[in-house]
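>
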Amino acid sequence: MMFQYASILGIATMGKFSNVVVENGERLKEIFSLSNTKVSFSASNMSSTSIGEKACYIFDKRIGTLNNSLSFRIDGYLVSWRYFEAIRDIVRKEFIFSTQISNKACFRLHDVLKTFNVPNATFVGVHIRRGDFTYDSLKKLGYLTAPREYIIKSMNIFSNLYANCTVFIICSDEIKWTKDALSNVTSIYNIYFMESNSAEVDMAILSKCNHTIITTGTFGWWAAWLAGGTTTVYKKPARENTFLSAQFNYTDYFYPCWLQID
86 MMFQYASILG
96 IATMGKFSNV
106 VVENGERLKE
116 IFSLSNTKVS
126 FSASNMSSTS
136 IGEKACYIFD
146 KRIGTLNNSL
156 SFRIDGYLVS
166 WRYFEAIRDI
176 VRKEFIFSTQ
186 ISNKACFRLH
196 DVLKTFNVPN
206 ATFVGVHIRR
216 GDFTYDSLKK
226 LGYLTAPREY
236 IIKSMNIFSN
246 LYANCTVFII
256 CSDEIKWTKD
266 ALSNVTSIYN
276 IYFMESNSAE
286 VDMAILSKCN
296 HTIITTGTFG
306 WWAAWLAGGT
316 TTVYKKPARE
326 NTFLSAQFNY
336 TDYFYPCWLQ
346 ID
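Residue numbers for the sequence shown follow my numbering, beginning at 86 and rising by one.
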């Protein structure tokens, strides 16, 4: 939903549309302090021309250059940074977490600081996406999860950059697998496994880190984009020659400055 909101806002801005209706976006209002006055969330019943994206993870130029003399209904996931790059500062202001969520995230980060006696700590947020991506039905479509080797390779990169000041904050939808996968490096690195948080608090925590390691999926994508800093990303989000890989243009999906690693 974050991609849809940001992309629709970018499309509307580029096309100089005066109003935007985001259907089924009420959950975003609960999580973020959305403030853009041209956006409403009521179901759209206006007469409009429907247009669907060509694929999920590409920038569709037809959609990016719509004529504001007509009303359009855009159907799709709109998963590309190119739709909103021109208004990235506006998007960042929109995706400021609510005070309640932000305070919870700060409280958890304070716990991390108490756990490790590391002056001037550099927080590296790590998001490890597994969950339904490990289901046979999704694997057949081409969904992949990042291997343990990628995660450790990325941790080595940040450890070499920031040495003992680095604290890795791990968030995952499958924390047991993550603990097992990293069990032999917990004595080498400062690692804190985040548990018992809601998804939105996890994202807020990751967004407050200095740098980010992400695997696959759009949750990690947004956490890294909001955090800024240096990001490593697993370069194989889809198995080759599958339904999912056909949905991708990787240059439209990966943010340009991110380090793509396998």
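Using N, Cα and C, we set each Cβ at its ideal position, and we do this for glycine too.
1) Starting from the C-beta of THR301, find all residues in its chain whose C-beta is less than 7 Å away, skip the five residues before and the five after it, and write them out in chain order.
2) What residue does the beta strand (DSSP E) around ARG158 start on, and which one ends it?
3) Taking the Cβ atom as the reference point for each residue, do PHE201 and ASN152 lie within a distance shorter than 8 Å?
4) Are three or more beta carbon pairs between the segment 248 to 259 and the segment 272 to 288 nearer than 8 Å?
5) Looking at the secondary structure, which residues open and close the beta strand (DSSP E) in which CYS256 lies?
6) Three Cβ pairs or more, each shorter than 8 Å: is that satisfied between the segment 284 to 291 and the segment 232 to 239?
7) Can you tell me the Cβ-Cβ gap for VAL164 and CYS141, rounded? I've got them flagged as a contact below 8 Å.
8) Determine the DSSP secondary structure at PHE278, reduced to helix, strand or coil.
9) Hey, out of TRP310, SER222 and ALA91, whose CA is closest to ILE290's CA?
10) Does the separation of the CB atoms of PHE304 and LEU226 fall below 8 Å?
11) Under the rule that 16 or more other beta-carbon atoms within 10 Å means buried, what is ILE357, buried or exposed?
12) Taking CYS250 and ALA206 to be in contact with their CB atoms under 8 Å, please state how far apart those CB atoms are, rounded to whole angstroms.
13) Taking the beta strand (DSSP E) that PHE208 falls in, what are its first and last residues?
14) Could you name the residues that DSSP lists as bridge partners for GLN345?
In short:
1) As a position in the sequence shown, residue 301 is number 216, starting the count at 1. Counting only Cβ-Cβ distances below 7 Å, and skipping sequence neighbours, we find ARG214, PHE218, LEU229, THR230, ALA231, TYR319 and PRO322.
2) Within the sequence shown, the letter at position 73 stands for residue 158. Per DSSP, ARG158 belongs to the beta strand (DSSP E) from 157 to 160.
3) Indexing the sequence shown from 1 puts residue 201 at position 116. Indexing the sequence shown from 1 puts residue 152 at position 67. No, these two residues do not count as a Cβ contact at 8 Å.
4) yes
5) For the purposes of this step, residue 256 is taken as the residue at position 171 of the sequence shown. Element bounds for CYS256: 251 to 257.
6) no
7) Numbered from its first residue, the sequence shown carries residue 164 at position 79. Numbered from its first residue, the sequence shown carries residue 141 at position 56. The Cβ separation is near 6 Å, so the contact holds.
8) For the purposes of this step, residue 278 is taken as the residue at position 193 of the sequence shown. In this structure, PHE278 counts as strand in the three-state DSSP scheme.
9) For this step, residue 290 is matched to residue 205 along the sequence shown. For the residues TRP310, SER222 and ALA91, the minimum Cα distance to ILE290 belongs to TRP310.
10) The residue you call residue 304 lines up with position 219 of the sequence shown. The residue you call residue 226 lines up with position 141 of the sequence shown. It is not a contact, given that the beta carbons lie outside the stated cut-off.
11) Outside the shown range of the chain, which is 86 to 347, sits residue 357, and nothing can be said about it.
12) Counting from one through the sequence shown, the residue named residue 250 turns up at place 165. Counting from one through the sequence shown, the residue named residue 206 turns up at place 121. With 8 Å as the limit, CYS250 and ALA206 qualify as a contact, their Cβ atoms being about 6 Å apart.
13) Here residue 208 refers to the residue found at position 123 of the sequence shown. Where PHE208 is concerned, the enclosing beta strand (DSSP E) stretches over 207 to 213.
14) In the sequence shown, residue 345 corresponds to position 260, counting from 1. According to DSSP, GLN345 bridges with VAL318.
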